[in-house]
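Numbering (the working numbering), first residue to last: -18 to 548.
Since the structure comes first, as structure tokens, the remarks are kept for the end.
See the structure below:
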């Protein structure tokens, strides 16, 4: 249950647009189904009920359960009309054909009387009275009227008008909120205006069938919330076919470790953000659906769904603010972290992964993946990213990130924080950022560039290219034929036994220094000023240190070692 109010930059409260007025007097609502031939008075006129069959009554009971699942309301079917709060009648020949149903809200004359046009729905199984069908919408819609909810388009009771509606059957209003996918009280069933899913083209499936996010919020404001509903671990499976039973529902979940899952091969969007209840995009919820399918989910305000599992298509998975797990599985997926500490798993395929504002952990999969820690402005989370078997592109953000490449040639770059970046097995390109970074290659020839901080660069095995950048950097080529450039600042170049044949392109005697491990030849006990005499010689390319066994260091364009000292 959310305590958020709904006014935002749009200048209106979405809940006010569907709030008729006062609640029913007792949240335990007794219901009476009139039999054939019973008379019901409405608007001062009498009509005769044809009576509900067993299937119709079962669908009403299903609607009662859906309302009770999200609120403090309970329903009981009674056999005495006098004991009933709601008296329901079915008319097939007297009600105006323009009406699907009429239900009087609390505080109005004839309150609690509901008349339903049985000529406008399928009275037997296999038709539109199934969940997701237009007939079932009528049942839930009218019951919500009886509980104090109004249309967003007509100022019923004390409700306000949702801006932007001139035709209640076609205009979706400001931010598209006048759609069934956001409120059962709309006259526009399903989801007709949005980036995923599809509008219903038939009456039997594709409509909303639960109270939706705006309805749930208002019901809970009026009657309280049911926190016992779906309080354990629950998996919500996206519908993957347009057929009987497919439709839209808003998830109200009382707790547990929950998942929205897609098991098909179509492209899908799974959005774990709950409805904001504000006058904005997402005020009535964010859509999770399979492309081309007239059904899916929104998440009610105050609900946390922990996990999103993609399917075989190119899916888009979106985290909310509280820390989520996104797993793309198969396909070329787009994963977007939120404000919390998220776990982002690419899976198979060439995935694009965006970290959010939290301290995220990302594991890229077997494809050529891209990770960006710039999903939201002001990103300062300390992320951990594991590259996979593909050629990955991984970029850190403003936090202290840990980036690890995988098995192939990866491109890794830090951001403004103190980053720890390791290339892995391939020929990697590694770049630091604004902080004091630790940058290391792996087993192949890597290109490593420091940034503006005091960085530590370690090439590892292979023929590496290292550039320190600004700051007082430490550069260690490792084994192989390495090219080292300190750039600006007082840089230290470190060498140990087996470093190979390296060269430094910009060694400055006035500020840079060398550090030789004592394992090199017999350096132990040799004074600094004896190193040039022992190992160095002047060549046409510069000063060459030759330690034997293949270890040599060329200081390019250096012609004099006067003032030379070890670090």
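The beta-carbon is built from N, C-alpha and C at its ideal position, and this holds for glycine as well.
Could you check what DSSP says for residue i in three-state terms: helix, strand or coil?
i: residue 111; result: coil
i: residue 24; result: coil
i: residue 358; result: Residue confidence is low: residue 358 scores 38 on pLDDT, short of 50, so the model does not pin down where it sits. Its coordinate-derived value is still stated next. If DSSP states are grouped into helix, strand and coil, residue 358 belongs with coil.
i: residue 466; result: strand
i: residue 268; result: coil
i: residue 70; result: strand
i: residue -2; result: helix
i: residue 501; result: coil
i: residue 460; result: coil
i: residue 49; result: helix
i: residue 9; result: strand
i: residue 197; result: helix
i: residue 204; result: helix
i: residue 513; result: helix
i: residue 35; result: helix
Just to confirm, is the Cβ distance from residue i to residue j under 8 Å?
i: residue 254; j: residue 267; result: yes
i: residue 10; j: residue 54; result: yes
i: residue 131; j: residue 163; result: no
i: residue 292; j: residue 310; result: yes
i: residue 317; j: residue 300; result: yes
i: residue 256; j: residue 275; result: no
i: residue 420; j: residue 431; result: yes
i: residue 71; j: residue 37; result: yes
i: residue 422; j: residue 439; result: yes
i: residue 27; j: residue 207; result: no
i: residue 211; j: residue 235; result: yes
i: residue 339; j: residue 395; result: no
i: residue 248; j: residue 295; result: yes
i: residue 86; j: residue 127; result: yes
i: residue 265; j: residue -5; result: yes
i: residue 155; j: residue 260; result: yes
i: residue 277; j: residue 308; result: no
i: residue 400; j: residue 377; result: yes
i: residue 495; j: residue 474; result: yes
i: residue 418; j: residue 391; result: no
To which residues does DSSP link residue i through a beta bridge?
i: residue 288; result: 240, 306
i: residue 299; result: 252, 317
i: residue 375; result: 352, 393
i: residue 495; result: 474, 547
i: residue 402; result: 384, 420
i: residue 229; result: 189, 277
i: residue 428; result: 410, 446
i: residue 162; result: Looking at the DSSP assignment, residue 162 forms no beta bridge with any residue, so it has no partner.
i: residue 130; result: 0
i: residue 537; result: 523
i: residue 483; result: 534
Output needed for residue i: all residues of its chain with C-beta closer than 6 Å, excluding positions within five of it in sequence on either side, in chain order.
i: residue 393; result: 375, 384, 386, 402, 411
i: residue 136; result: 142
i: residue 83; result: 96
i: residue 523; result: 535, 536, 537, 538, 539
i: residue 444; result: 426, 461, 462
i: residue 239; result: 215, 286, 287
i: residue 168; result: 149, 150
i: residue 481; result: 460, 461, 462
i: residue 139; result: 2
i: residue 313; result: 295, 330, 331
i: residue 404; result: 386, 411, 422, 423, 427
Given residue i, which residues of its chain have a CB within under 7 Å of its CB, disregarding the five upstream and five downstream residues?
i: residue 472; result: 449, 453, 454, 456, 493
i: residue 81; result: 98, 101, 119
i: residue 469; result: 451
i: residue 73; result: 31, 99, 100
i: residue 356; result: Residue placement at residue 356 is flagged as unreliable, the pLDDT there being 43, under the threshold of 50; a coordinate-derived value is accordingly withheld.
i: residue 224; result: 186
According to the neighbour-count rule (16 or more other Cβ atoms, all chains shown, within 10 Å of its Cβ), is residue i buried or exposed?
i: residue 531; result: exposed
i: residue 246; result: exposed
i: residue 243; result: buried
i: residue 331; result: buried
i: residue -2; result: buried
i: residue 90; result: exposed
i: residue 358; result: Bear in mind that a pLDDT of 38 at residue 358, under 50, signals an unreliable position, so the model cannot answer this.
i: residue 150; result: exposed
i: residue 518; result: exposed
i: residue 60; result: exposed
i: residue 389; result: buried
i: residue 159; result: buried
Go through its chain and collect everything with a Cβ distance to residue i's Cβ below 8 Å, but skip five positions before and after it.
i: residue 18; result: 29, 30, 32
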